[in-house]
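Visitor: Numbering (this note's numbering), first residue to last: 3 to 450.
Ideal Cβ placement from N, Cα and C applies to all residues, glycine included.
Encoded as structure tokens, here's the structure I'll be asking about.
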Amino acid sequence: MQYFGYGLDWREAIVLFWSGLRGAVALALSLSVKRSSDNSPYISPDTGDLFVFLTGGIVFLTLIVNGSTTQFILHFLKMDNLSPAKKRILNYTKYEMLKKALESFGDLRDDEELGPADWTTVRRYIKSLNDADGEQIHPHSLSENNNILDSMNLKDIRVRFLNGVQAAYWIMLDEGRINQTTANLLMRSVEKIGLLEKKEMIHLPDAVQTDLKKFLRNPPLVKTPKIKDLISANPLLGALPATAREALAGSTKEIMRLSETTLYKEGSKATGIWLLSNGVVKFLHPTFTHGSTLGLYEVLAEKPYTCDIVTNSVVMCFFIETEKILSVLRSDPAVEDFFWWESTIIHVKIMLPRVFEKMSMQDLQMLIAERSILNVYIRGESFELLPQSVGFLLEGFIRKQGGQEEMLTAPAAILPCPDQSFSQSETLAGAGAGGSYHQVPVYQVETR
Numbered sequence: 003m004q005y006f007g008y009g010l011d012w013r014e015a016i017v018l019f020w021s022g023l024r025g026a027v028a029l030a031l032s033l034s035v036k037r038s039s040d041n042s043p044y045i046s047p048d049t050g051d052l053f054v055f056l057t058g059g060i061v062f063l064t065l066i067v068n069g070s071t072t073q074f075i076l077h078f079l080k081m082d083n084l085s086p087a088k089k090r091i092l093n094y095t096k097y098e099m100l101k102k103a104l105e106s107f108g109d110l111r112d113d114e115e116l117g118p119a120d121w122t123t124v125r126r127y128i129k130s131l132n133d134a135d136g137e138q139i140h141p142h143s144l145s146e147n148n149n150i151l152d153s154m155n156l157k158d159i160r161v162r163f164l165n166g167v168q169a170a171y172w173i174m175l176d177e178g179r180i181n182q183t184t185a186n187l188l189m190r191s192v193e194k195i196g197l198l199e200k201k202e203m204i205h206l207p208d209a210v211q212t213d214l215k216k217f218l219r220n221p222p223l224v225k226t227p228k229i230k231d232l233i234s235a236n237p238l239l240g241a242l243p244a245t246a247r248e249a250l251a252g253s254t255k256e257i258m259r260l261s262e263t264t265l266y267k268e269g270s271k272a273t274g275i276w277l278l279s280n281g282v283v284k285f286l287h288p289t290f291t292h293g294s295t296l297g298l299y300e301v302l303a304e305k306p307y308t309c310d311i312v313t314n315s316v317v318m319c320f321f322i323e324t325e326k327i328l329s330v331l332r333s334d335p336a337v338e339d340f341f342w343w344e345s346t347i348i349h350v351k352i353m354l355p356r357v358f359e360k361m362s363m364q365d366l367q368m369l370i371a372e373r374s375i376l377n378v379y380i381r382g383e384s385f386e387l388l389p390q391s392v393g394f395l396l397e398g399f400i401r402k403q404g405g406q407e408e409m410l411t412a413p414a415a416i417l418p419c420p421d422q423s424f425s426q427s428e429t430l431a432g433a434g435a436g437g438s439y440h441q442v443p444v445y446q447v448e449t450r
């Protein structure tokens with residue numbers, strides 16, 4: 003074996019001698035002798051029985067004695083230790099796998115649908131996530147000696163390269179491009195044991211995903227969040243003054259809906275607002291996730307619902323009746339502007355989906371809260387939108403100044419001028435939701 007391309011040293015020869023396969027062929031030959039002895043004039047039946055007995059005893063002893071002590075022989079010969087190069091590449095591979103796993107869980111945490119999950123509980127059961135915020139140390143950066151580090155890297159690269167070359171020679175032999183003699187010569191020229199064996203690679207995912215596999219096999223019993231905590235975590239209620247928040251929080255009704263269930267239909271009476279706690283709902287293409295407030299515009303404008311809203315998953319939400327909202331407005335008029343701002347978020351996605359479809363609900367809430375201005379105009383006034391901006395008519399009627407076009411009726415998206423980046427095709431989806439789009443520079447207010 004040492005001269006035919008495989009390679010063999012004295013320690014490997016000892017292991018082959020001590021733990022080599024012996025049993026199947028020997029038993030088959032002894033049974034053949036036993037069968038022949040029944041009808042043979044040269045071998046007696048007793049001799050055949052003796053063959054089977056002695057061979058079976060030897061096989062039994064080799065399996066019990068040699069087989070059970072092979073592990074100690076390997077340990078004594080120090081053949082079960084990983085080389086420094088293999089340890090480094092195993093650590094590096096595990097480091098990269100853990101890094102990818104943490105990135106994947108980070109993406110799940112930022113997902114609009116999975117975002118409100120209890121990540122404290124997730125971290126408790128998947129311990130590797132506890133290092134997500136910490137700095138990962140690269141295995142090749144552990145040494146402070148740059149010369150040693152470069153030598154280690156070059157050695158690892160050389161081993162991996164030669165291993166790949168050796169695999170290529172095997173493929174060439176299988177394809178018949180080289181003969182056996184040539185293959186033996188080429189194998190000896192790049193003789194090097196592979197850096198990672200298959201059994202070692204199989205254990206790598208286990209090392210990274212041990213906690214996750216335990217979690218999947220035995221899911222923990224997680225307490226359902228308290229309704230009070232879910233209500234207080236809602237962005238709309240959390241931003242209200244204490245008195246208004248308490249009045250609305252005490253009037254909510256917890257509602258659970260299955261997927262493909264209609265929350266409300268276009269043209270139906272606005273009986274209240276829906277605070278989405280978990281799950282996803284949709285209107286045609288736009289989707290709305292946890293933290294969304296549905297139906298608030300219709301309640302404020304005293305109009306029927308402007309579109310169909312259908313659940314896209316199992317949804318948990320809180321319903322607040324129209325009268326409760328109006329009662330809060332009468333008791334605290336200061337919250338009216340905030341309600342109008344909040345009601346705009348849904349219409350932004352419905353009327354201009356291609357412009358805002360990639361923005362999450364949280365980003366839209368921040369955009370409208372920090373970058374928008376709520377203006378009130380009385381009859382006879384005119385206004386022009388700033389460049390690179392978009393307007394939404396929430397209440398009243400306007401028309402183009404000096405034009406004969408029909409008046410625009412709320413709700414409607416308003417674009418400043420034709421050369422802006424908001425093209426007509428990006429606003430067509432708004433027409434089906436009771437809204438309209440127009441590209442005119444100056445508007446005349448017909449009613450407040």
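I'd like to know whether the C-beta atoms of H349 and P413 end up nearer to each other than 8 Å.
Guide: Position 347 of the sequence shown, counted from the first residue, corresponds to residue 349. Position 411 of the sequence shown, counted from the first residue, corresponds to residue 413. Yes, Cβ-Cβ distance for H349 and P413 is below 8 Å.
Visitor: So what does K284 bridge to, in DSSP terms?
Guide: By one-based count along the sequence shown, residue 284 stands at place 282. DSSP, once it has assigned bridges, lists T289 and V312 as partnering K284.
Visitor: Kindly indicate which three-state DSSP category L265 falls into: helix, strand or coil?
Guide: Position 263 of the sequence shown, counted from the first residue, corresponds to residue 265. L265 falls in the strand class under three-state DSSP.
Visitor: Go through its chain and collect everything with a Cβ distance to I75's Cβ below 6 Å, but skip five positions before and after it.
Guide: For this step, residue 75 is matched to residue 73 along the sequence shown. The answer, listed in chain order, is W20.
Visitor: Could you pull out every residue in the same chain whose Cβ sits closer than 7 Å to the Cβ of W342, ignoring the five residues on either side in sequence?
Guide: Within the sequence shown, numbered from 1, the residue matching residue 342 stands at position 340. Here the set comprises L302, L376 and L396.
Visitor: Expressed to the nearest angstrom, what Euclidean distance is found between the alpha-carbon atoms of L286 and K88?
Guide: Numbered from 1 along the sequence shown, position 284 holds the residue referred to as residue 286. Numbered from 1 along the sequence shown, position 86 holds the residue referred to as residue 88. Distance between the alpha carbons of L286 and K88: 54 Å.
Visitor: Quick check on this structure: which residue in A415, A235, F399 and D176 has the alpha carbon closest to the alpha carbon of S391?
Guide: To locate residue 391, count along the sequence shown from 1; it is residue 389. The shortest C-alpha separation from S391 is found at A415.
Visitor: Comparing C-alpha positions only, which one of L56, L84, L10 and L296 sits nearest to S32?
Guide: Looking up residue 32 in the sequence shown gives position 30. Out of L56, L84, L10 and L296, L56 has the C-alpha closest to the C-alpha of S32.
Visitor: For T95, which residues in the same chain have their Cβ closer than 7 Å to its Cβ, ignoring the five residues on either side in sequence?
Guide: Mapped onto the sequence shown, residue 95 falls at position 93. The answer, listed in chain order, is L206.
Visitor: Should V317 go down as buried or exposed, given a rule of 16 or more other Cβ atoms within 10 Å for buried?
Guide: Your numbering for residue 317 matches position 315 in the sequence shown. V317 should be labelled buried.
Visitor: Pull up the CB-CB distance for R401 and E344, whole angstroms please, since I reckon it's below 8 Å.
Guide: By 1-based counting over the sequence shown, the position of residue 401 is 399. By 1-based counting over the sequence shown, the position of residue 344 is 342. The Cβ separation is near 28 Å, so there is no contact.
Visitor: Kindly identify the DSSP beta-bridge partner or partners of T295.
Guide: Within the sequence shown, the letter at position 293 stands for residue 295. Paired residues: L277.
Visitor: Output the distance between the C-alpha atoms of R179 and Q168, rounded to the nearest integer angstrom.
Guide: Residue numbering aside, residue 179 sits at position 177 when the sequence shown is read from its first letter. Residue numbering aside, residue 168 sits at position 166 when the sequence shown is read from its first letter. Taking the straight line from one Cα to the other gives about 15 Å.
Visitor: Report, in whole angstroms, the separation of the C-beta atoms of I275 and I322, which I expect to be a contact under 8 Å.
Guide: Residue 275 sits at position 273 when you count from the first residue of the sequence shown. Residue 322 sits at position 320 when you count from the first residue of the sequence shown. Going by Cβ atoms, the distance from I275 to I322 rounds to 5 Å, so yes, they are a contact pair.
Visitor: Jot down the residue ranges of each uninterrupted beta strand (DSSP E) in the stretch 211-258, minimum 3 residues, whole runs only, in chain order.
Guide: Listed in chain order, nothing qualifies, since the stretch 211-258 has no complete beta strand (DSSP E) run of 3 or more residues.
Visitor: Checking 8 Å against the spacing of the C-beta atoms, do N236 and L277 come in under that value?
Guide: What you label residue 236 is simply residue 234 of the sequence shown in a count that begins at 1. What you label residue 277 is simply residue 275 of the sequence shown in a count that begins at 1. Result yes, Cβ atoms of N236 and L277 sit closer than 8 Å.
Visitor: Residue range of the alpha helix (DSSP H) that F341 falls in?
Guide: The count along the sequence shown starts at 1 and reaches residue 341 at position 339. Residues E338 to M353.
Visitor: Within 10 angstroms of the Cβ of A26, are there 16 or more other Cβ atoms? Answer buried if so, exposed if not.
Guide: Stepping through the sequence shown from its first residue, residue 26 is reached at position 24. By the 10 Å Cβ count, A26 comes out exposed.
Visitor: Since R401 sits in a beta bridge, which residues does DSSP pair it with?
Guide: Within the sequence shown, the letter at position 399 stands for residue 401. Per DSSP, Q446.
Visitor: Got a sec, what are the start and stop residues for the beta strand (DSSP E) M368 sits in?
Guide: Locating residue 368 in the sequence shown gives position 366, where the first residue counts as 1. Not the beta strand (DSSP E): M368 falls in the alpha helix (DSSP H), residues M363 to R373.
Visitor: Could you say which of L388, Q446, M353 and A272 lies nearest to G382 if we only look at CA atoms?
Guide: Along the sequence shown, one-based indexing puts residue 382 at 380. Closest by alpha carbon: Q446.
Visitor: Output needed for F358: all residues of its chain with C-beta closer than 7 Å, excluding positions within five of it in sequence on either side, in chain order.
Guide: Position 356 of the sequence shown, counted from the first residue, corresponds to residue 358. Same-chain partners within the cutoff: V350, K351 and L366.
Visitor: In whole angstroms, give me the CA-to-CA distance for S423 and S315.
Guide: As a first step, residue 423 is located in the sequence shown; it is residue number 421 there, counting from the start. As a first step, residue 315 is located in the sequence shown; it is residue number 313 there, counting from the start. Interpretation of S423 is limited by its pLDDT of 46, a score under 50 that renders its predicted location unreliable; the figure taken from the coordinates is listed afterwards. Using only the alpha carbons, I get a separation of about 34 Å.
Visitor: Buried or exposed: which applies to T212, given that a residue is buried once 16 or more other Cβ atoms fall within 10 Å of its Cβ?
Guide: For this step, residue 212 is matched to residue 210 along the sequence shown. Flag for T212 reads exposed.
Visitor: To the nearest angstrom, how far is the alpha carbon of R53 from that of T71?
Guide: Taking the sequence shown and counting its residues from 1, one reaches residue 53 at position 51. Taking the sequence shown and counting its residues from 1, one reaches residue 71 at position 69. Contrary to the premise, residue 53 reads as Phe rather than Arg in this sequence. Going from the Cα of F53 to the Cα of T71 covers about 26 Å.
Visitor: What number of angstroms, rounded off, separates the C-alpha of L188 from the C-alpha of G58?
Guide: Numbered from 1 along the sequence shown, position 186 holds the residue referred to as residue 188. Numbered from 1 along the sequence shown, position 56 holds the residue referred to as residue 58. The straight-line gap from Cα to Cα measures roughly 43 Å.
Visitor: Work out the CA separation of E105 and T183 for me, nearest whole Å.
Guide: Translated into positions along the sequence shown, residue 183 becomes position 181. Translated into positions along the sequence shown, residue 105 becomes position 103. Near 49 Å, if we compare the C-alpha coordinates of E105 and T183.
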